[in-house]
Structures are given as C-alpha cells and as structure tokens.
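Below is one structure, written out as structure tokens, with a few remarks after it.
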Amino acid sequence: MTARLSTATVAARQGAPLHTLLAADAPQWAPVNLSVGQRHDLIDLWTVLLTDVYVHYSQKKALYGFDAIRALSALRRQIPYLDSAGFLRELTTLVNRLRDQHTQLYVQPQDGALTGYVATLPFLVEPAGPHLQPTYLVTKVSDDVTEPSFAVGARVTAWNSVPFARFVDSYAETLTGGRPDARRARALETITQRPLEYLPPPDERWVDVSYHGPDDPDDAPERTIRFVWRAIEPARALSAEALVTQRTRRAVNATSEAARRARKLLFATELWQSDQTGRAPAAKAHGWLATSFADAVSARTVSTRYGEFGYLRLWTFDVEHTNQFTAEVQRLVRRLPRTGLIIDLRSNPGGVIDSAERLLQLFTSNRVQPARFACRATVAMAQITDADGNGADLADWAGSTRAAVELGEEHSQPLPISDPDDCNQIRWCYPGPVVAVVDANTFSAGDLFAAGIADHGIGQILSIGDATGAGGANVWTSDDIEYAYHAAGRSLPPLPPGISYSISIRRMTRTGPAEGRAVEDVGVVGDEQHTMTRDDLLCGNVDLADHCGQLLAQR
C-alpha cells in the first residue's frame, strides 16, 4: 500500500513524538496561562451560560443530582489555592459532570496553531462479547508496527500494568455520556487517538501494553510492547462542513469527528490521501462503489446466509454541501440491491442536521417530519431569539420562548430546524426493507437519523448495546454565542484568550409515534440487540451482517 502514498502523506501518518512537543524547552504545549482575574471571568461566563441558555440544565440537575451553578461558586472559592492549570482541570471536570458531549470547555496550548494535533498510538482496540465481560481485541494496526505478534486479533490485557478493563472504566469517568456504556464507548474511541483540541494530552510519554498474540494459547504468558505517543495532524476532509451558514445548524460530537479523521490517516491512509486531493471519486477497495463523498459514505453489496443485500455506511453527516450529499447518497442507493438495505451508523458523530434529515426521504413514501428543537425559556433567551440579528437562526422560536417565560414553562415550543419542504423534495427511491445499525458512538445527528428511521416506520433499529449515544441537542460554539448576545444587546463576561467552548442551545425531541420524546441521556433504543463477536471484529462484521440479513429476510 505504501508504494502509492506520497512522501507528504507518509510523513503525516508518522507524525512526531509527542514528548518533543511536551518537553520543557517547548512550552507551547503547556495550557494557556490565566490570570486570577481571567479565572473569575471564566466562572462568571459559565454561570451566565448555564443560567441563560443551557437547554438541559434542569434535566441534568435532576438526573445526576449535580448543581453545576453551585459547583461553580465552590470552585471560585478555590481559586486562591489553584494555579492556572489546576483551575482549568477542575473547571473541565465540572463541565464534564453534566455528562453532555455537546457542552464542553476547550483549552488551547499556548501556541494556538498546534490545536489540530491528535495524540496517537498506532493501533485500535474494540470490545467483543457481553458488555459486562468484554474481550478487548486489537482490530487495526498501522503499517509502522513491526512486532509480528502485535497484530490484528491480539487480546489486550493491561495498560501500564493496570488491567485493561479497569483502565478503560477509569478513563471513561473523565469523559461524558449519560449511560455507562456510552462513556465506555467514548473512552475506547479516544483511548489511542486523542484530539488535543478537545482533550488534554496523555500524562505518560509511553504506554506499555500487555497482550496475548492472535495465535497464543490462553495459558501463554503475557507479552509486553512499548509504544511512544506520537502527534499527527489529520486535517479535515475537503468535503467537510465549513460554511458559516451551517455552523448553527449542527448536531455533532467534535471530539469523535477529529478522532475519526485520525483513524483514517493511520489505518486507511490511501483514502485519507484521496480526501486531501479531492481529484476524483474514490472507493474504499474493490467491490465498493466510487463516490465523491468518500469521507462521509461508503456503499456496496454484501452477501449473508440469508441472501445479498445493500450496505450503506454513513460515516458522518458533517458535510458542506447538503444538496450534493443527498444526491450522491441517492445515486449510490439506486445501485444497491432492492432485496434489503443495511444502513450502518456505528460511530457516526453527527454533523449538519439538514444533511441527516434530508436523507430520510430516500427511504419512505410517507412525508418526513423533521425532529423538533426547543430553546430554554429564560428572559435572556427570549431577548436573543427576538433580536433582528439572530432572526435567520432563531426568529421562529421568538414568540413561543417569550410566551413560555411569561407562563413559567421550562422550554419554548419545539420546532424543526430543517425546512420540512426541503426534507420532502426528493422522491422515494429505495422500496426495499431497511435495517439501521447503531451503537453508543452513534451521536447527535446520528441519533437524529436513527430516530427518523424508527419514527417514520422506515425500518428496524439493531443496536450494539442498548441504544445510540444519546446526544439530543443543537450545539453552538463560543463564537456563535457571542454573536447572538451581541445581536441582542446583551453583554457576556469576557472569554480569556486561548479558551473556547461549545454548548447545547436547542433541545431535540422526536416526532411521529415518539412525538415529544427526548433524546438526550436516553438515545434511540434498538428493536433488537447484537453482541459483537470476534468474527465481527476480525472478519468484516460477518455475524452482524447475518443478523441484519435475517431481519431483512423476515420483512
């Protein structure tokens, strides 16, 4: 494979040892240094955000018994006893206790140009077997690993002498997720690929991984291999969302999207290189259909014990051109067998809401009802929705937000973000039965799309674990919030340089038979569940495909 890679691509995959950027003579990798006054400003800012606009505040307080505003007051009293780095760690932990992946504090290094790096190890680990007693298998290894026994199929047993299952659970507690399975899934997603724009660098310079090789008997002694953390820059795909007009219409887990790009650079390097050039439609390999959105979608025919079916992998909805994306998926679907379609949404981090919802019309003759979104009913939010400068995004919510404030209600009227007419302008093109596969990393717009499959009667949901990742909101960045406040003539406490954030601004609810049902902290529950097997992880999801084929054959 490497013979077809450019020198620049090989260098990008190799990256540089992370410790060279973390060394004492390279202080740019230290987090931004905040003065005492700036730390107070940051406490003030988060207090305002949680009071004014954070749409899940009451739900999180009731569900987790955690009052974040009171916790901010307690943190303010600790400022004299914490240095800047310690304060930022405490504030990050506080925000993460909301268990909301959309609502995050982002701390840049002193050199902001280095935020695009991802700290990586050259392998991927995934669980097989039951949730409470999983086996952790190496499922991908970079070409740079030279130890023959550390290969696909190796069983990981420990991480720096800590039993691996224990380490995963400990790491998961530092992350977000409303359910234990969601937190564990996010831990495994970033345990060997950690986007430094969103997560702190690993504490250790290297990792000693204990494992059994693929051919080792169960009673064989453990092997140990050492990996040094490296830093790579996976960049965005040329087709990724970049339009300012779409920024406030997103539902995405930015951390997962960055980690996904890093995995593509490490383990599907030719495809990553193709993304960067954007010269011609690409296919994953022989048997896959060529596509101009190779970073977002893959399609082919799969054979199962129950017949041949279409397979559509939706990797992300974070695309720039929604109309072209919809048309491309339509073209691919028309080339797949009509006997049944598997839509694979595993690890889809979400993206542009319109891009997810417009695809639903391809699979149903019924009218698509977009998901509904509601604002927090506060005086500040009423003024923000009513401001002329925010009209393009929020004017539809102004009247009901104001009325909800007057009546003492928690949220505004739920309304669609996607235009219902746009979601119904393309004719139904796939008449066969559909099964959608989800897991705990199917998040945000991925949750939304899965809910649309269920709520429009398009097909069954087959879940790996209990449900999707439960990201039920429209997420805005700090720039979006600052503009919205400015347009409303309201002031915000100053945001210190090198600090940014994202926050859930509108709450997602479902339509159809599940009308009004929340997605945050719940997700979309599967009609059936599938436990990933060793053959799934090592032999191209063969058991999962058979399970899907069985469901499709019964329709």
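Read left to right, the sequence shown gives residues 1156 to 1710 (the working numbering). Every residue gets a Cβ at the ideal spot worked out from N, C-alpha and C, and that includes glycine. Since the structure is predicted, the reported quantities are computational estimates derived from the model, not experimental observations.
Query                                                                                                                                                                      : Result
Output the distance between the C-alpha atoms of valine 1488 and valine 1457, rounded to the nearest integer angstrom.                                                     : 13 Å
Three-state secondary structure (DSSP) at aspartate 1180?                                                                                                                  : At aspartate 1180 the pLDDT is 48, less than 50, meaning the model places this residue with poor confidence; the figure from the coordinates comes in the next sentence. Coil, per DSSP.
For the pair the segment 1624-1634 and the segment 1531-1546, tell me if three or more CB-CB distances fall below 8 Å.                                                     : no
When burial is assigned at 16 or more other CB atoms within 10 Å of the CB, is glycine 1506 buried or exposed?                                                             : buried
Which of the three DSSP states, helix, strand or coil, is assigned to tryptophan 1314?                                                                                     : strand
Which whole-angstrom value describes the C-beta separation of leucine 1292 and arginine 1310, a residue pair presumed to lie in contact below a C-beta threshold of 8 Å?   : 6 Å
Going by DSSP, what residue range makes up the alpha helix (DSSP H) through cysteine 1703?                                                                                 : 1697-1708
So, for arginine 1415: in the same chain, excluding its five sequence neighbours on each side, which residues have a beta-carbon less than 8 Å away from its beta-carbon?  : Trp1470, Thr1471, Ser1502, Pro1504
Can you tell me the Cα-Cα spacing of aspartate 1635 and aspartate 1430, whole angstroms?                                                                                   : 28 Å
Cysteine 1694: buried (16+ other C-beta within 10 angstroms of its C-beta) or exposed?                                                                                     : exposed
Suppose the cutoff is 7 Å on Cβ atoms and the five residues either side in sequence are ignored; what does the same chain contact list for glycine 1587 look like?         : Arg1493, Thr1494, Gly1495, Leu1496
Under three-state DSSP, which class holds glutamate 1475?                                                                                                                  : coil
Can you name the residues that DSSP bridges to glycine 1333?                                                                                                               : Paired residue(s): none; glycine 1333 is not in a bridge.
Rounded to the nearest angstrom, what separates valine 1677 and arginine 1665 at their Cα positions?                                                                       : 12 Å
Between the Cα of arginine 1689 and those of Ala1600, Phe1528, Val1280, spot the shortest distance and give me the residue it belongs to.                                  : Val1280
Phenylalanine 1480: which of Ser1411, Leu1514, Arg1455, Asp1499 sits nearest, CA to CA?                                                                                    : Leu1514
For proline 1186 and alanine 1240, which I take to be in contact (beta-carbon distance under 8 Å), what is that distance rounded to the nearest angstrom?                  : 6 Å
Just to confirm before moving on: does the CB-CB distance between tyrosine 1461 and glycine 1704 stay below 8 Å?                                                           : yes
Pick from Asp1551, Val1317, Asp1577: whose alpha carbon is nearest that of threonine 1140?                                                                                 : With the chain covering 1156 to 1710 only, the question about residue 1140 has no answer from this structure.
Could you pull the DSSP bridge partners for serine 1657 from this structure?                                                                                               : Gln1259, Thr1632
Is it the case that the segment 1321-1332 contacts the segment 1359-1379, given that we only count it when at least three CB pairs across the two stretches are under 8 Å? : no
Please report the straight-line C-alpha distance between alanine 1622 and valine 1680, rounded to a whole angstrom.                                                        : 4 Å
For arginine 1714, which beta-bridge partners are listed by DSSP?                                                                                                          : Residue 1714 falls outside the range modelled here, since the chain spans only 1156 to 1710, and no answer is possible.
What is the DSSP secondary structure of arginine 1468, reduced to helix, strand or coil?                                                                                   : strand
Can you look up leucine 1693 in the DSSP assignment and give me helix, strand or coil?                                                                                     : helix
Using only alpha-carbon positions, find the residue among Ala1313, Val1484, Thr1345, Trp1631 that is nearest to cysteine 1584.                                             : Val1484
Is proline 1731 helix, strand or coil when you go by DSSP?                                                                                                                 : Past the boundaries of the shown model lies residue 1731; the chain is included only from 1156 to 1710, so the question cannot be answered.
Run the CB neighbour count on serine 1304, radius 10 Å, all protein chains shown included, and call it buried at 16 or more, exposed below.                                : exposed
By DSSP, does tryptophan 1384 sit in helix, in strand, or in coil?                                                                                                         : coil
Express the C-alpha separation of threonine 1290 and tyrosine 1366 in angstroms, rounding to a whole number.                                                               : 11 Å
Of all the options Asp1222, Trp1427, Ala1526, which has the alpha carbon lying nearest to the alpha carbon of alanine 1606?                                                : Ala1526
Taking aspartate 1199 as part of the alpha helix (DSSP H), name the residues at either end of that continuous run.                                                         : 1191-1207
Measuring CB atoms only, is the segment 1246-1266 touching the segment 1646-1665, in the sense that at least three cross pairs come out at less than 8 Å?                  : yes
CB isoleucine 1198 to CB arginine 1232, shorter than 8 Å?                                                                                                                  : no
Over the uninterrupted alpha helix (DSSP H) stretch that includes glycine 1607, give me the two end residues.                                                              : 1600-1610
Between alanine 1529 and valine 1407, is the Cβ-Cβ spacing less than 8 Å?                                                                                                  : no
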